[in-house]
Amino acid sequence: MPRFFFHTLLLVFFYFSYYNINMNMKITLIPERCIACGLCQTYSDLFDYHDNGIVRFYDDPDQLEKEISPSQDVVEAVRNCPTRALIGNQEV
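Note that full-length UniProt numbering has the sequence shown beginning at 1, numbered continuously upward.
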């Protein structure tokens, strides 16, 4: 019985590890919530600012949603946004 349990745990671990690595993350910007504090840009180069200080994506100033491969710096930027102007969804 313990051997079967161990193999089942390994199988489940590898299954979720594989799918977590290959999943994309959708980032949504909500400019109306942004207070131009600059915190997200300090965490990740994905973000930049318009002339008025409101958040935008670095490579496309007009885009409000983007699918990216998850990275720790982007996750930290989303988590630490004080007004929740950044929303991250990893189930894409």
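Note that the Cβ used here is the ideal one computed from N, Cα and C, for glycine as well.
- Exclusion of the five residues before and after cysteine 81 leaves Leu39, Cys40 as the residues of its chain whose Cβ lies within less than 7 Å of its Cβ.
- In the DSSP assignment, isoleucine 27 is bridged to Lys66, Gly88.
- Using a Cβ distance threshold of 7 Å, glutamate 65 and threonine 28 count as a contacting pair.
- Leaving aside the five residues that flank valine 78 on each side, the residues in its chain whose CB is nearer than 6 Å to its CB run, in chain order, Leu86, Gly88.
- Aspartate 73 carries a helical assignment under DSSP once its states are collapsed to helix, strand and coil.
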